[in-house]
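For reference, the structure discussed in these notes is given below.
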Amino acid sequence: MAKKKVQIKKKIQTKKKVQIKKKVQAKQTKETKFIGQVTKIRQTEPRTVIEWPRAMTHVHTYGLLSPFFEGLRKGELRATLCPNNKCPEKRLWIPPRAHCPDCHTEMIWKTLPNPVIGKIYTFTQVVYAGIGIELSTPYWQVDVELPGLATIPKSYLLRGEPYIGMKVKAEFRTKKPTNTILDYYWVPYQK
Ligand SMILES: [Zn+2]
Numbered sequence: 000m001a002k003k004k005v006q007i008k009k010k011i012q013t014k015k016k017v018q019i020k021k022k023v024q025a026k027q028t029k030e031t032k033f034i035g036q037v038t039k040i041r042q043t044e045p046r047t048v049i050e051w052p053r054a055m056t057h058v059h060t061y062g063l064l065s066p067f068f069e070g071l072r073k074g075e076l077r078a079t080l081c082p083n084n085k086c087p088e089k090r091l092w093i094p095p096r097a098h099c100p101d102c103h104t105e106m107i108w109k110t111l112p113n114p115v116i117g118k119i120y121t122f123t124q125v126v127y128a129g130i131g132i133e134l135s136t137p138y139w140q141v142d143v144e145l146p147g148l149a150t151i152p153k154s155y156l157l158r159g160e161p162y163i164g165m166k167v168k169a170e171f172r173t174k175k176p177t178n179t180i181l182d183y184y185w186v187p188y189q190k
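In numbering that gives the first Met the number 0, the protein residues as written are 0 to 190.
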């Protein structure tokens, strides 16, 4: 009996030793590899510049302003309104505000009846757009006055040449919407 006990003990010890040895070996055989894409050297003089491609998805929430973008998808221009009776600002806001800038009450939504007709307050031609602008250049950026609004929203004129006081009509990109502010724009309005 005493002999057997000794044998078992020895076996356990041997097994443990082997296991430790294997683990160490596994780590040693793994070699760290570069799994990226090799960059391109654009220039070396006067200093090295490389082209390092990056792909990024920016996850952006519209939060309480989501109804504005839902409206654009349906061909509706929606504005926010302060529901506080004591608030001095009774006009509508576009771009929408989640909370009233004057009294901080949570805003309510109002849909502007179609057709939405406005007047060009001012305009500028964008020739060199910054990175991230998803409109072909040159394009007309227009600030449009709308009745009942506290703001003069900025957008773009899809076609035609703007002038101050020009009547324009809101149109919507409901087919293949971008789900951004670019989904509404202005076109010249003729009765
Ligand atoms: Zn208010």
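Ideal Cβ positions, reconstructed from N, Cα and C, are used throughout, including at glycine. No experiment lies behind these values; they were computed from the predicted model shown.
Does at least one heavy atom of ligand 1 sit under 8 Å from the Cβ of Tyr-57? Locating residue 57 in the sequence shown gives position 58, counting from the first residue. Just to set this straight, residue 57 is His in the shown sequence, not Tyr. Outside the cutoff, so no.
Taking 8 Å as the cut-off, is the CB of Glu-216 close to at least one heavy atom of ligand 1? The structure shown has nothing for residue 216, since the chain only spans 0 to 190.
### Message
Which same chain residues end up closer than 6 Å to Tyr-120 when comparing Cβ atoms and leaving out the 5 residues on each side of it in sequence?
### Response
In the sequence shown, counting from the first residue as 1, residue 120 sits at position 121. Counting only Cβ-Cβ distances below 6 Å, and skipping sequence neighbours, we find Asp-142, Glu-144 and Ile-151.
For this session: Ignore the nearest five residues each way along the sequence and tell me which others in Tyr-138's own chain have a CB closer than 6 Å to its CB.
Result: Locating residue 138 in the sequence shown gives position 139, where the first residue counts as 1. Excluding sequence neighbours, Tyr-138 sits near Val-125 and Tyr-155.
Q. So the alpha helix (DSSP H) Arg-72 belongs to, where does it begin and stop?
A. Stepping through the sequence shown from its first residue, residue 72 is reached at position 73. Annotation: the continuous alpha helix (DSSP H) that includes Arg-72 extends over 65–72.
Per DSSP, Ala-78 is paired with what? On the sequence shown, residue 78 is found 79 positions in, with the first residue counted as 1. Ala-78 is bridged to Lys-109.
Quiz item: How is the beta strand (DSSP E) around Ile-49 delimited, first residue to last?
Solution: Counting from 1 along the sequence shown, the entry for residue 49 is found at position 50. Residues 48–50.
Handout entry: Limits of the beta strand (DSSP E) - the one that Arg-41 falls within
Key = Position 42 of the sequence shown, counted from the start, is the residue given in the question as residue 41. Per DSSP, the unbroken beta strand (DSSP E) holding Arg-41 starts and ends at 39–42.
* Anticipated Cβ contact below 8 Å, Arg-191 with Thr-110, distance rounded -> The structure shown does not extend to residue 191, since the chain is modelled only from 0 to 190, so the question has no answer here.
Find out if the Cβ-Cβ distance for the pair Ala-169, Asn-113 is shorter than 9 Å.
One-based indexing of the sequence shown puts residue 169 at position 170. One-based indexing of the sequence shown puts residue 113 at position 114. In this structure, Asn-113 lies closer than 9 Å to Ala-169 by Cβ.
query: Quick one: does the C-beta of Asn-83 sit closer than 8 Å to a heavy atom of ligand 3?
result: Here the bound small molecules are ligand 1; ligand 3 is not part of this structure.
Thinking just about the alpha-carbon of each residue, which of Ile-130, Leu-157 and Ala-97 is nearest to the one in Pro-82? Within the sequence shown, numbered from 1, the residue matching residue 82 stands at position 83. Here the closest residue by C-alpha is Ala-97.
DSSP three-state label for Met-0, please. Along the sequence shown, one-based indexing puts residue 0 at 1. No answer about Met-0 holds up, because its pLDDT of 44 lies below 50 and its placement is not dependable.
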